[in-house]
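This is the structure we're talking about:
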């Protein structure tokens with residue numbers, strides 16, 4: 005993985021340590037977040053388009069951060085506000 009991306013990921017997910025797999029045949033890689041005992045606490049496949057486009061890569065990292073925050077019970081204020089505005093009910097349309 006590109007060195008600048010590794011530094012960004014390490015910074016975003018501290019105290020977890022990020023590890024990127026070797027590229028798979030389709031160009032995707034697996035991002036694994038490891039704790040202090042080197043146990044994988046989270047992993048996600050990042051597709052080649054996510055890796056090639058800096059904006060898509062950054063959005064993928066934000067999605068992971070949000071997922072980890074929700075799992076930990078730390079819903080970000082912006083998401084809480086959105087849920088309150090929607091009365092915590094999402095509208096679904098049937099085709």
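In our numbering, the protein residues as written are 5 to 99. Heads up, the beta-carbon is just placed ideally off N, CA and C, and yes, glycines get one too. No experiment lies behind these values; they were computed from the predicted model shown.
Legend entry - Top-ranked residue by Cα proximity to residue 10, from 37, 30, 41 and 31: 37
Inset, instruction - With a 10 Å radius around its C-beta and 16 neighbouring C-beta atoms as the bar for buried, classify residue 22 as buried or exposed. - result: buried
Inset, instruction - Determine the closest residue to residue 49 out of 55, 43, 35 and 41, with distance taken between C-alpha atoms. - result: 35
Inset, instruction - State the DSSP-derived secondary structure class of residue 28, mapped to helix, strand or coil. - result: coil
Inset, instruction - Could you check what DSSP says for residue 3 in three-state terms: helix, strand or coil? - result: The chain is shown only over 5 to 99; residue 3 falls outside these bounds and no answer can be derived.
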